[in-house]
Structure formats: structure tokens, C-alpha cells
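Comments concern the structure below.
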Amino acid sequence: MYLCLIGMALFGVAILVKIFYIQNVQGTYWRSMADSLHTGYVALDAERGTIYSEEGRMLSTSIPYFDIRIDFAAEGLRDKGGKAFKDNVDSLAYRMSEVFGDRSKASYKQMLQEGYKSKDRYFLLKRDVPFNQYQEMRTFPMFRLGKNKGGMIAETKSKRINPFKLLANRTIGLARENSQSVGLERTYNEYLKGVTGKRLMRRIAGGTYVPVDGYDIEPENGRDIITTIDVNMQDIVETALMNMMVQNEADHGTCILMEVKTGKIKAVANLGRQPDGSYWENMNYALQVGEPGSTFKLATVIAVLEDKYATMNSMVNMDGGRWQVGRRTVFDSEPHPGPQNVTIKHAFELSSNVGMAKLAYQFYSRQPNNFVAHLKRLKLDQSTGIDLVGEGRPVIKTTASKTWSNTTLPWMAFGYEVLISPLQTCMLYNAVANNGKMMKPYLVNSVQEYGQVVKQFEPTVMLDSICSQSTLKQLQAMLEGVTIDGTAKKLHNPYYNFAAKTGTALVANGNRGYADKIYQSSFAGYFPANDPQYTCVVVIKNKPHALRFYGAAIAGPVFREVADKLFAIAVERQKPMQATMQLDTLLALKNGKGAEWKQILSTLQLPIRGALANNSWVSAKVTDRKITFQQVAQTKGAVPDVTGMGLKDALYLLENAGLRVVVKGAGKVKLQSLPGGTKIGNEQTIVIELS
């Protein structure tokens with residue numbers, strides 16, 4: 080018992096001694112440890128879903144980046160007097176300097192040694208390391224020993240990129256924090272962002288945190304969005320708009336391409352001029368409301384024809400392009416010489432403001448709200464409801480509006496004193512193309528998770544019919560007439576027809592009013608006219624006092640370029656025999672070598688007509704929509720006839736004949752200073768002009 084008592088006493092004394100030692104000798108160390116051993120969960124961001132084009136190309140995706148840290152208190156780095164660190168520090172510093180090139184080997188070595196001496200458990204080595212460099216870093220000396228022995232800690236984060244950069248940039252949008260996202264990134268954020276995970280972190284000395292292994296709640300990745308956008312069409316639209324914007328130094332512009340039958344937005348470009356003169360997708364101009372100008376005349380004609388006050392063959396007097404209404408005067412933007420008493424159809428084709436104002440005033444001045452009722456039925460007083468945040472609110476005045484006056488009605492008839500967006504204009508014209516059925520525009524086909532559709536979006540009909548079939552046929556004839564006998568006849572294509580309307584509106588410039596002569600050029604229509612596939616609307620706001628500003632001269636060529644390229648693509652996809660009917664739209668015919676023409680025709684699977692010997696030179700032309708060839712004789716010692724050839728073939732023949740060649744222009748040879756067949760003198764020079 081005494082021995083037990085003595086043993087217990089000694090054990091108690093040992094405990095007291097240990098307590099005294101811990102509190103007084105090791106007290107500072109353990110107090111710092113007590114302060115540091117705090118844990119808490121931090122959020123782990125989910126990998127954001129990818130936005131794809133309709134054909135499966137990435138439009139917006141997340142790329143992983145890494146912050147690389149080192150735990151210099153890792154057991155493997157401290158064993159045997161830090162042998163693993165000392166053996167690898169030189170090689171690691173060398174590889175870091177070699178791969179990143181931002182510091183010298185000596186600088187990296189010094190940084191690593193300072194971190195090792197401080198026993199930093201969360202030492203920051205490198206920020207924002209891309210995936211390929213991260214993979215390479217895992218093979219570096221010391222790091223390849225593994226996490227526990229090498230001390231490497233990699234923290235993953237992601238950066239959002241748009242692989243196609245400018246293309247549809249504003250529509251796709253940007254993923255930002257604090258609800259600052261725009262475009263599809265914002266509209267479909269709930270699907271794209273996924274579910275945030277959690278990671279248990281332990282606070283260590285110095286106020287930093289390190290992860291606790293085995294206590295992660297993994298995040299759920301975001302879902303993918305499959306859009307209606309076609310990258311090739313978007314490129315065509317963006318390029319056509321950009322060319323005109325640069326050429327005319329315009330302020331901003333938009334071009335919308337909609338699929339007629341479904342309402343799918345296949346492409347939308349929004350370009351704004353930057354301070355340095357370049358252009359970028361800085362705002363979604365397709366959704367901004369403004370006075371539409373003459374493209375709005377379609378709505379006026381719908382009202383008049385639908386109420387059966389007139390037909391397209393009824394007469395209206397344009398009064399020389401000038402008509403007084405109260406104290407204001409309606410002017411036509413372009414002079415219209417010739418007969419002034421014309422059909423409504425021709426007044427529409429000539430885009431006569433006077434003609435449209437007279438129709439509205441004549442038939443609706445006593446009950447103007449009847450005219451307004453037609454506009455509301457056409458959904459022009461409502462936003463389109465497209466799946467993008469930020470669509471402007473349209474303004475359609477009524478007699479109850481504070482700014483209504485006796486001139487409001489006639490001015491509304493030609494697109495002033497109303498505010499609608501280019502997308503609303505597109506929706507209206509698309510309804511005419513779609514046999515009266517108005518479709519809701521939309522940008523997303525489906526939401527997918529690991530390739531499986533979790534939500535499908537279908538075409539939505541907003542209005543079964545915007546008007547009667549008799550009215551519709553007249554509208555289609557009038558729109559097609561604009562490109563044949565109207566303001567857009569210079570844009571007419573002999574190989575396919577399109578139906579459209581030009582627009583030119585004078586735009587106010589803040590407090591300066593209309594003094595700066597800023598015009599908005601617009602062009603709205605669909606193609607091909609006999610079987611509409613796409614509706615396209617182009618709106619461009621020009622610079623002050625621009626020399627060219629009419630809709631047919633500025634917006635029209637953009638429409639035509641888009642339509643031509645899409646039509647050519649459609650023809651190319653048809654059967655070879657169908658393609659032969661459009662040869663002169665597809666091929667820039669030049670005279671050349673028979674063997675090369677054989678290869679071209681064989682590739683296009685087109686039949687060969689005429690003599691095409693491999694070594695012969697032939698002239699090619701389209702006759703009755705068929706390619707025919709005729710052999711071009713080349714006499715030895717005489718000047719070759721290179722008219723109609725491309726520069727490559729012309730140089731080949733002329734230089735081989737011993738001539739010095741001077742070239743002017745570009746294209747194919749239009750003129751040659753020495754006619755074909757002329758005898759060649761010594762060191763003779765020939766000038767060829769290309770056009």
C-alpha cells in the first residue's frame with residue numbers, strides 16, 4: 080500500500096512538473112498553436128457549364144488555372160535534415176526559371192530557401208498557371224515526389240473565355256460576379272453555375288488557411304447550353320456588318336438573322352465604334368429601342384389593307400414629296416420625279432413618307448386609336464420576350480399619351496414618334512415571310528448535362544396570323560416590288576429574289592437635336608422571296624454629316640452580302656445537276672488552262688462541255704446557264720492573248736513568251752497594250768490592266 084501511495088504521489092508530482100513545463104517553458108508555442116487550430120468551411124466553386132453553337136462548337140467555356148503553393152513543413156521535406164529539399168532546390172529553381180522565364184535561377188532559389196527557413200506551410204510559389212504548365216510542374220524536381228514528400232499544393236480555379244472572341248460576344252455575354260453578367264451567361268446562370276461545394280480549411284499561424292484532407296464536399300458542375308447560333312452564319316453576318324461600319328465610319332450597328340419557320344436567331348452582330356476607331360461588341364443594339372423609320376411602313380400598310388380601306392392598287396398622291404399637316408411638313412427623304420398620283424404599292428416601293436402619312440391621316444384621323452389597335456395586335460407595344468436580359472421597352476403612343484398631338488398619327492405612319500427595337504422589326508417581317516405566323520425569337524435549343532438533354536426549348540407561336548391571306552399576298556408583293564421597282568432595285572439579284580424594305584431616319588443627338596444630321600440606315604427583309612428561309616434586319620447609325628446614309632446604300636449591301644453567301648451555301652449543298660443552274664453565281668469565270676478547268680469541274684461534279692485538252696488554253700463563259708469552252712490559239716513568236724485570264728496564267732504565258740510584264744489593277748485581264756498575235760520584238764514590254 081505504501082509503495083502504491085508513493086507511486087501515485089510521484090505520478091502526481093510528475094503531472095504538476097509537466098504542467099509547469101508546458102505553461103512556462105512551452106507556453107508561447109502552445110498558445111500560438113491553440114490560436115491557429117481553428118477550422119471552417121470555404122466554398123468550392125463548381126465548374127461552369129459550356130455554351131455551344133447549334134453545330135457543337137464552343138462559344139464560351141471555362142479553362143482551369145492553378146495557384147501553386149508549397150507546404151515547407153511537409154514531413155518529406157524535413158526528414159534527414161531536409162535532404163529532399165537540399166538535393167532538389169537547385170534543379171527546381173532552374174526548371175522554374177526555364178519554364179516561366181520571369182525570374183533568374185538564383186532569384187527562384189533564394190525565394191525557395193526563404194520559404195523553407197520560415198517553415199511556411201502555405202507558401203505561394205506561382206499564380207494563374209495554365210493547365211499545360213501545371214502538368215509540366217508536376218514533373219519538376221521535388222514536386223514529382225508527391226504531395227506529402229514534395230509539399231506541392233495546387234489550388235484550382237477557372238477563367239471564362241470566348242474562343243471565337245468577337246463573334247456574338249455580346250449575345251453570349253460575360254460571366255461576372257455580383258450579378259454583373261450579361262447575355263446568355265446571365266439569362267441561363269442558374270443552369271450554368273452548378274452547385275457550390277465545400278472544403279474544410281484549418282487556420283495556421285500567420286492568418287492563412289490550409290485544406291484538411293478528406294473533408295471536401297465536391298461541387299456539382301454546371302450544365303451546358305446549346306444555342307441556336309450557327310458559327311458560320313455568325314461569321315458571315317459579323318464580317319458583312321464590320322465591312323460597312325469601317326467603310327462608312329458608322330457609330331454603331333446591328334444585324335440580326337432569324338430562321339423563318341422557327342424563330343431561331345441564327346446570328347446577331349452588335350458593333351460599336353471605340354475611342355481608337357476600332358469596333359467591338361460593346362452593347363446589344365438589337366434590343367435597344369429607337370425610332371425605326373421607313374421599315375415601320377409595313378405596319379401602316381397592314382392596318383390600311385386589313386381594314387379594307389384600300390388595296391395595294393388604290394391610288395395616293397405623293398404631292399412632290401412635300402405635304403403640310405398643321406404647322407409641320409412631311410417630307411420624302413428622296414425626290415420622286417415622274418407621276419405623283421401612284422398606287423399604294425408603288426408609293427411603298429418608293430418609300431414615300433407623304434404617301435404613308437396621307438393614308439393614316441385619311442383613314443384614321445377621326446379614330447386614331449383604331450390604327451394604334453393594329454400596332455398592338457402586331458405585338459409592337461410589347462417586348463419580344465427573347466431569352467436575354469436587357470431588352471428595351473417599346474413605346475406606342477395612344478390618344479391618352481401626354482405627347483399626343485394632331486401630327487402624331489401621320490408621323491407614326493412612317494416610323495417616327497414610336498420606339499421599337501430592331502428585333503421587333505425582325506419579328507414582324509419574319510411573320511410576313513412565314514405566311515402570317517408570328518414566331519417568338521429565341522437563342523437556346525436545349526440545356527444538357529453530360530450530353531443528356533434535361534430541358535428542351537421548342538419554337539413558340541406568338542400569333543397564328545397577323546392578317547388575312549389576301550392582305551398577306553399584297554404585303555409580299557409590295558416587299559418584293561421594293562427590290563424590283565423601288566428604293567432597293569440596285570440591290571436586285573437576277574438569280575434569286577428577296578423581299579425587303581429600306582429605311583432612313585433622321586436621329587436626334589441629345590440636346591443638339593437634329594442639327595448634326597445623324598441618320599439611321601435600316602434594311603429589313605427575307606430571302607429567297609419564293610421560299611423564305613431567313614429574315615434579316617440591318618440597322619446602322621451613321622456618323623454626323625455622313626456623305627452616304629440612305630438605307631439602300633448603307634444597310635442594304637450588308638443584307639445583300641449575307642443573303643448572297645447563304646444562298647451560295649444552299650446551292651452548294653444541292654445536287655450537282657441543280658447546282659449547274661446557278662453556275663454564274665458560284666464561279667468567277669476566267670480563261671485558263673484546260674487541265675485546271677477539268678480539275679475544277681471534276682471536283683464540283685459538273686459536266687464538261689466544249690474542248691478541254693490538258694495542254695490547251697480555253698476561254699470560259701456561261702451561255703444559257705451552262706459553261707461552254709472555246710480553245711484560244713497561242714502562236715509561237717507572237718504575243719499571247721491573255722484577255723479574261725487571271726494574273727497567274729497571264730504572267731505564265733507572257734513571261735514564257737519573252738515579254739516584260741507591267742501589271743495594273745487586280746482581278747482578271749481586261750486590256751493588254753500589245754494585242755494578241757502581234758510579233759514579239761527583243762526585250763519588249765507589255766502592260767496588262769486587270770479589273
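The sequence shown begins at 80 in the working numbering and counts up one residue at a time. We put the beta carbon where it would ideally sit given N, CA and C, even for glycine.
Residue i and residue j closer than 8 Å at C-beta
| i | j | result |
| --- | --- | --- |
| Met724 | Pro520 | no |
| Leu366 | Tyr358 | no |
| Lys481 | Glu496 | no |
| Thr550 | Leu384 | yes |
| Gln313 | Leu246 | yes |
| Phe151 | Gly194 | yes |
| Leu645 | Ile315 | yes |
| Lys620 | Gln599 | yes |
| Thr764 | Val748 | no |
| Ala556 | Met391 | yes |
| Met216 | Ile147 | yes |
| Gly582 | Asn485 | no |
| Val766 | Lys743 | yes |
| Thr333 | Val468 | no |
Backbone CA spacing between residue i and residue j [nearest angstrom]
| i | j | result |
| --- | --- | --- |
| Gln657 | Val650 | Confidence at Gln657 is low in this model, with a pLDDT of 42, below 50, so the placement of that residue should be treated as unreliable; the coordinate-derived value is given next. Their backbone Cα atoms lie some 8 Å apart in a straight line. |
| Asp124 | Ile149 | 22 Å |
| Ser132 | Thr306 | 5 Å |
| Thr380 | Leu554 | The residue asked about is misnamed: residue 380 is Val in this sequence, not Thr. Roughly 8 Å between the two C-alpha positions. |
| Lys188 | Asp207 | 20 Å |
| Val421 | Asn396 | 6 Å |
| Lys654 | Ile648 | The predicted position of Lys654 is uncertain, since its pLDDT is 44 and thus under 50; no value can be drawn from it. |
| Val618 | Val561 | 18 Å |
| Gly434 | Ser237 | 59 Å |
| Ile499 | Pro416 | 32 Å |
| Gln461 | Met506 | 12 Å |
| Ser430 | Arg127 | 49 Å |
| Glu154 | Thr218 | 20 Å |
| Asp663 | Ala492 | At Asp663, the pLDDT of 49 sits below 50, so the modelled position is not reliable; the number obtained from the coordinates is stated separately. C-alpha separation (whole angstroms): 41 Å. |
| Thr659 | Ile706 | In this prediction, Thr659 has a pLDDT of 40, which is less than 50 and means its spatial position is unreliable; what the coordinates show is noted afterwards. Going from the Cα of Thr659 to the Cα of Ile706 covers about 9 Å. |
| Asp398 | Ile251 | 48 Å |
| Leu203 | Ala233 | 10 Å |
| Arg739 | Leu750 | 16 Å |
| Lys376 | Pro489 | 11 Å |
| Phe450 | Tyr443 | 6 Å |
| Gly592 | Asp466 | 34 Å |
| Arg249 | Asn361 | 7 Å |
| Leu665 | Gly673 | Confidence is the limiting factor: at Leu665 the pLDDT is only 48, short of 50, which leaves the residue's position unreliable and the question unanswerable from this model. |
| Asp543 | Thr682 | 45 Å |
| Lys228 | Gly161 | 11 Å |
| Trp696 | Gly760 | 23 Å |
| Met221 | Ile296 | 29 Å |
For residue i, the first and last residue of its enclosing alpha helix (DSSP H)
| i | result |
| --- | --- |
| Ala452 | 447 to 456 |
| Asn268 | 268 to 271 |
| Thr550 | 548 to 564 |
| Gln189 | 184 to 196 |
| Leu438 | 432 to 443 |
| Gln214 | 210 to 216 |
| His331 | No alpha helix (DSSP H) contains His331, which is instead part of the beta strand (DSSP E) from 331 to 338. |
| Asp314 | 310 to 327 |
| Lys424 | 423 to 428 |
| Leu82 | 81 to 99 |
| Asn735 | 726 to 735 |
| Gly160 | 154 to 179 |
| Lys376 | 376 to 385 |
Residue i - containing beta strand (DSSP E), residue span
| i | result |
| --- | --- |
| Trp676 | Looking at the DSSP string, Trp676 is not in any beta strand (DSSP E); the run it does join, the alpha helix (DSSP H), is 673 to 682. |
| Met620 | In the sequence as presented, Met is not what sits at residue 620; that position holds Lys. Here the beta strand (DSSP E) through Lys620 covers 613 to 620. |
| Asn590 | Per DSSP, Asn590 belongs to no beta strand (DSSP E) and is neither H nor E. |
| Arg239 | 231 to 240 |
| Asn248 | Taken as a continuous stretch (DSSP letters only), Asn248 belongs to no beta strand (DSSP E), being part of the alpha helix (DSSP H) at 248 to 251. |
| Arg302 | Here Arg302 belongs to no beta strand (DSSP E), and DSSP marks it neither H nor E. |
| Leu350 | 344 to 352 |
| Ser770 | That residue, Ser770, is in no beta strand (DSSP E); it is neither H nor E in DSSP. |
| Leu138 | 137 to 149 |
| Ile759 | Unbroken run through Ile759: none, as it is neither H nor E. |
| Ile597 | 597 to 606 |
task: State whether the segment 583 to 590 contacts the segment 318 to 329, with contact taken as three or more CB pairs (one from each stretch) at a distance under 8 Å.
output: no
message: Taking contact to mean 3 or more Cβ pairs, one atom from each stretch, closer than 8 Å, check whether the segment 594 to 612 and the segment 561 to 578 are in contact.
response: yes
- prompt: What beta strand (DSSP E) runs, 3 residues minimum, are completely inside the segment 476 to 553?
  reply: 523 to 528, 531 to 535, 540 to 542
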